[in-house]
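Here is the structure we will look at.
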Amino acid sequence: MARLLRDRGEAVVITGLGSATYDLAAAGDHDRNFYLWGAMGGAAMVGLGLALARPEVPVLVLTGDGEMLMGMGGFSTIALQAPRNLVVAVLDNGLYGETGGQPSHTGGSHGAARTDLLAVARACGIAEARHVADEADLDALAARLRDGGEGPCVALIPIDPAEAERVLPLRDAVLMRGRTRAALGLSPGV
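Now the structure itself:
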């Protein structure tokens with residue numbers, strides 16, 4: 005996570021439920037981090053909305069395989085809207101970590117299941133769907149986030165299914181909304 009965001013520039017990072025949120029918080033809190041709590045399946049759509057509203061701002065959605073499986077239909081909408089500034093990075097541990105660690109349909113490092121999220125993204129019309137297998141791939145993904153592309157990008161990042169120490173980020177939604185709006189130069193709103 006720290007390597008991916010080392011040179012994040014103006015990127016806004018939206019996290020899904022669970023490990024994505026904990027991993028981002030462990031890498032360091034930032035005014036442009038927006039942690040979703042209890043919105044399973046919604047991170048990619050929140051990221052799409054922001055990418056469309058602010059096309060000049062790089063938007064990274066960090067989500068897990070379980071959440072993306074729940075929101076697979078989002079790939080179709082993302083492909084249709086085709087924002088150049090949106091990267092959806094799926095951290096695939098092959099588990100539904102927030103509900104007890106049951107194996108997910110991707111199989112992750114276990115390889116037992118058969119749902120290929122990159123194939124799903126491509127079938128929905130997202131041309132740039134990549135597997136991040138090593139540090140060079142991670143650096144390329146960081147450059148893609150910073151520099152943009154021809155359309156949206158979906159990246160699958162296999163991660164260790166072992167439970168890591170959790171770093172809990174900010175949970176106050178009103179405060180988080182205000183600081184993110186301020187970081188984007190928007191009025192505080194009502």
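For reference, each letter of the sequence shown is one residue, going 5 to 194 in the working numbering.
Yeah, the Cβ is synthetic: ideal placement off N, Cα and C, and Gly gets one too.
- Residues Leu21, Thr25, Arg175 and Ala177 of the same chain have their beta carbon placed closer than 8 Å to that of Trp41, with the five preceding and five following residues left out of the count.
- Bridge pairing for Ile161: Leu95 [DSSP].
- Leu179 and Asp33 have their C-alpha atoms some 13 Å from each other.
- Rounded to the nearest whole angstrom, the C-alpha separation of Ala133 and Arg126 is 6 Å.
- In this structure, the beta-carbon distance from Ser191 to Asn97 does not fall below 8 Å.
- Taking C-beta atoms as the reference points, Leu95 and Leu121 fail to come closer than 8 Å.
- Between Arg12 and Arg118, the alpha-carbon positions lie close to 33 Å from each other.
- Distances from the alpha-carbon of Leu54 to those of Gly129, Val92 and His135 put Val92 closest.
- When the beta-carbon positions are compared, Glu14 and Ala47 stay at least 8 Å from each other.
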